[in-house]
Amino acid sequence: MAKVRKGIEVSIAMADAVAQANVDVIGAYPITPQTHIVEHLSEIVANAELDAEFVPVDSEHSAMSVCCGSAAVGARTFTSTSSQGLALMAEIFYIAAAMRLPIVMALANRSLSSPLSIWNDHTDTMMVRDAGWIHLFVENGQESYDNIFTAFRIAEDEDVMLPVAVNFDGFILTHMIEPIEYEDNDTIAKYLPAFKMKNTLHPDNPVSMGCFGMPEIYTEAQMQREDAIRRAYPTIIKAWKEWGDLTGRYYHPVETYRSEDAEYCIVTMGSYGETAMEVVDSLREEGEKVGVVKIRLWRPFPLDEFRKAVLGKKSLIVLDRAISFGGPGGPVASELRSALYNKEGAPVIVNYVAGLAGRDVSRNDFRNIILEGKARAGKGDTEGFTLYGLRG
Amino acid sequence: MLEIRLHGRGGQGAVTSAELVAIAAINKGNFAQAFPSFGPERRGAPVVAFCRVDDKKINIRAKVYKPNVVIVLDPGLLSLLDPTEGMSDDGILILNTKKKPQDIPALAGKSVHVATVDAQTIAIEELGRPIVNTTMLGAFIRATGLIDIEDIREPILERFGSKLGSRNMLALERAYNEVSIKE
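And the structure:
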């Protein structure tokens, strides 16, 4: 088993992972900042390094339609998009989950217009939060590469059969060169066996998929989806555990850093997590009893693990990367408040929204947010949310 | 951890320079990041690229605010921006200019170490065009000692192919030998 450590752009490593996963069909349309993944995959297919069909479609709506069709015949299917592209494919994005089609998407998170912006935040993914996809968040290049494989493993599991989005921060990760350890193809083949779908579209055995649903059946159909995504949870845990056993890199729905004896924690999702650890290290040296809690699995939401990680703490400072206009807080904070409501030992939550459309969140910003959030929690100033760094 | 900031113009290869240093450092077993100041690419407009190198995993997902080393590919940029922004006095400023370091006035009152090389002339002579990004890496390697010339050879040959890559290496080696450094 040979691992190869490379200095490589995260997008290229993700495309290489898709090739190593031996996909059959890629249906995609280029959009910043996802472009390098799709370009590289198109090259790999054109060079016959991967025996797959690359379908260069006319729009993202078509991209997801191609993916639905190919997954329905049992082909291992990949796509990638961002922002406006996701908005344009939203209609079919919902259908993919409803039809239980195990597509894997690399979702390079980016803001939505307007004003027109190509930069990173989590607005796009929050738009499709309730579509029934499994959503993973990663915080660095290695995790991006690794979770292409775990995503296919989870999606295609007979007990799951749901699409999976691997959320990774646009530009902050897509355009970053950093060290990434590649696994060899034998390891991948061992982890990710060939996809064999039970119920496929096939001319010899005609079936209908995605039928009309009368009021008499729609509710039951939705309940089946709810059941399916909840039942996916143990498969996700198992897929991550087995990946860890093979590679030494383990993933968990909720991950903590120096939180065991922490009185308060900063809660992050995505690439925020790494800077948060760095800043917590320096605050610890100053005697602050602070830790980090990271949400890696956004759907299905890991309620028990989250509660276990935070009950008994005094306060949480939740850092969102999207706004819910007119809502009770940022999307992540609102869910976490709901998860803790009426729970004994629940910490109070102070919510900051930062890093919108690529505005840099530096170590100093993290420090300000953590210390100000702690002070506000102490004063009971915990309503709503604060847009960090708002000018004027 | 060493933090590097590169100033150039769109098309001059500042981002490529940052990437080559990061790849060379990673190939040596170190940890590194290279990334552009993200945005639409416009030829000729001022651009900034960043690089971090450390012997342990780097956990920062933000721009470089306090660089130890700043490389300026285009001397024309010096009238537009302060290349020493965020630098402390022990920082190293590497400039593409015909001037010698002692002829560079203290910038913004800072007494950083200055290294200069006439990368423009070297690049025109060795590459036939004024693209100085790899040439400036020769000055960078000499001024910082962060990596060796041999560490950068493979990444450059891989990026540019053996023919163009070799010419880039010649330019880089000349800059390594011709750079003037004021301690």
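Protein chains in written order, with the numbering used here: chain A, 1 to 392; chain B, 1 to 183.
Beta carbons are placed, not taken as given, at the ideal position from N, Cα and C, and that holds for glycine.
According to the neighbour-count rule (16 or more other Cβ atoms, all chains shown, within 10 Å of its Cβ), is residue i buried or exposed?
i                 : result
Tyr29 of chain A  : buried
Lys294 of chain A : buried
Gln33 of chain B  : buried
Leu81 of chain B  : exposed
Met99 of chain A  : buried
His202 of chain A : exposed
Lys313 of chain A : buried
Phe306 of chain A : buried
Asn205 of chain A : exposed
Glu344 of chain A : exposed
Gln224 of chain A : exposed
Gly291 of chain A : buried
Asp51 of chain A  : exposed
Val207 of chain A : exposed
Cys265 of chain A : buried
Met136 of chain B : buried
Met214 of chain A : exposed
Ser113 of chain A : exposed
Cys51 of chain B  : buried
Ser79 of chain B  : exposed
Arg61 of chain B  : buried
Ser162 of chain B : exposed
Leu101 of chain A : buried
Looking only at C-alpha atoms, which of the options sits nearest to residue i?
i                 : options                                   : result
Asp360 of chain A : B:Asp118, B:Leu137 and B:Pro36            : B:Pro36
Glu60 of chain A  : A:Val73, A:Thr35, A:Ala75 and A:Asp51     : A:Thr35
Gly76 of chain B  : B:Ala171, B:Arg153 and B:His7             : B:His7
Tyr176 of chain B : B:Glu154, B:Leu146 and B:Phe140           : B:Phe140
Glu125 of chain B : B:Glu85, B:Glu3 and B:Leu172              : B:Leu172
Val128 of chain A : A:Lys379, A:Arg299, A:Ser362 and A:Asp304 : A:Arg299
Ala19 of chain A  : A:Leu192, A:Met176 and A:Ala108           : A:Leu192
Arg5 of chain A   : B:Asp103, B:Arg52, B:Leu2 and B:Ile26     : B:Ile26
Ala115 of chain B : B:Asp90, B:Ala143 and B:Leu127            : B:Ala143
Val48 of chain B  : B:Ser17, B:Arg61 and B:Ala22              : B:Ser17
His113 of chain B : B:Leu95, B:Ile122, B:Pro130 and B:Gln120  : B:Leu95
Val166 of chain A : A:Val318, A:Val57 and A:Ile236            : A:Ile236
Glu383 of chain A : A:Glu9, A:Phe137, A:Arg367 and A:Leu316   : A:Leu316
Ile369 of chain A : A:Leu390, A:Ala357 and A:Leu112           : A:Leu390
Leu356 of chain A : A:Phe78, A:Leu387 and A:Pro179            : A:Leu387
Val10 of chain A  : A:Thr79, A:Asp130, A:Phe168 and A:Ser42   : A:Phe168
Lys99 of chain B  : B:Val179, B:Pro46, B:Gln12 and B:Ile4     : B:Val179
Ala449 of chain A : A:Leu311, A:Ala354 and A:Ala72            : Residue 449 of chain A is absent from the model: chain A starts at 1 and stops at 392.
Asp24 of chain A  : A:Lys289, A:Gly273, A:Gly7 and A:Thr77    : A:Thr77
Ala375 of chain A : A:Ile177, A:Glu263 and A:Ser144           : A:Glu263
Phe212 of chain A : A:Ile95, A:Gly287, A:Glu226 and A:Met105  : A:Ile95
Asp103 of chain B : B:Val69, B:Ile181 and B:Arg159            : B:Ile181
Which partner residues does residue i have in the DSSP bridge list?
i                 : result
Asp54 of chain B  : B:Phe31
Pro36 of chain B  : B:Ala49
Ala165 of chain A : A:Met105 and A:His135
Ala41 of chain B  : The amino acid occupying residue 41 of chain B in the given sequence is Glu; Ala does not appear at that position. Glu41 of chain B pairs with nothing; no bridge assigned.
Asp78 of chain A  : The displayed chain sequence assigns Phe, not Asp, to residue 78 of chain A. According to DSSP, Phe78 of chain A bridges with A:Ile26 and A:Val104.
Tyr182 of chain A : A:Val4
Arg299 of chain A : A:His135
Pro56 of chain A  : A:Ala28
Asn96 of chain B  : B:Val117
Gly291 of chain A : A:Cys265
Thr386 of chain A : A:Tyr352
His7 of chain B   : B:Val48 and B:Val72
Glu409 of chain A : An answer regarding residue 409 of chain A cannot be provided, because it is not within the stretch 1 to 392 covered by chain A.
Leu107 of chain B : B:Lys110
Leu2 of chain B   : B:Val53
Lys182 of chain B : B:Val114
Check the Cβ-Cβ distances between residue i and every residue of chain D, and say whether any is below 8 Å.
i                : result
Ala45 of chain B : No chain D appears in this structure, whose protein chains are A and B.
Problem set entry | alpha helix (DSSP H) segments (min. 4 residues) lying fully within the region 244-274 of chain A | none
Exercise. Are three or more beta carbon pairs between the region 215-235 of chain A and the region 44-54 of chain A nearer than 8 Å?
Worked result: The region 215-235 of chain A vs the region 44-54 of chain A: no contact.
Problem set entry | Sequence ranges, beta strand (DSSP E) only - wholly within the region 315-383 of chain A, length at least 3 | With a minimum length of 3 residues, the unbroken runs of beta strand (DSSP E) contained wholly in the region 315-383 of chain A fall at 315-320 and 348-353.
Exercise. Should the region 148-161 of chain A be called in touch with the region 343-353 of chain A, which here means at least 3 C-beta pairs below 8 Å?
Worked result: Result no; under three Cβ-Cβ pairs closer than 8 Å.
Exercise. Is there contact between the region 329-336 of chain A and the region 76-93 of chain A, where contact requires at least three CB pairs shorter than 8 Å?
Worked result: With fewer than three CB-CB distances shorter than 8 Å, the region 329-336 of chain A does not count as touching the region 76-93 of chain A.
Exercise. Given 8 Å as the limit, is there contact between the region 66-74 of chain A and the region 21-37 of chain A, that is, 3 or more CB pairs closer than that?
Worked result: yes
For this session: With a floor of 4 residues, list each alpha helix (DSSP H) that falls wholly inside the region 117-176 of chain B, ordered by position along the chain.
Result: 119-127 and 133-144
Exercise. Below 8 Å, can you find three or more Cβ-Cβ pairs linking the region 59-66 of chain B to the region 83-92 of chain B?
Worked result: yes
Exercise. Do the region 239-251 of chain A and the region 179-191 of chain A meet, that is, are 3 or more Cβ pairs less than 8 Å apart?
Worked result: yes
Exercise. Are the region 113-120 of chain A and the region 153-165 of chain A touching by the rule of at least three beta carbon pairs closer than 8 Å?
Worked result: no
For this session: Would you check if the region 223-242 of chain A and the region 156-175 of chain A touch, i.e. whether three or more CB-CB distances between them fall below 8 Å?
Result: At 8 Å Cβ cutoff, the stretches touch.
Exercise. Residue ranges of each beta strand (DSSP E) run of no fewer than 3 residues wholly in the region 186-243 of chain A, ordered along the chain?
Worked result: none
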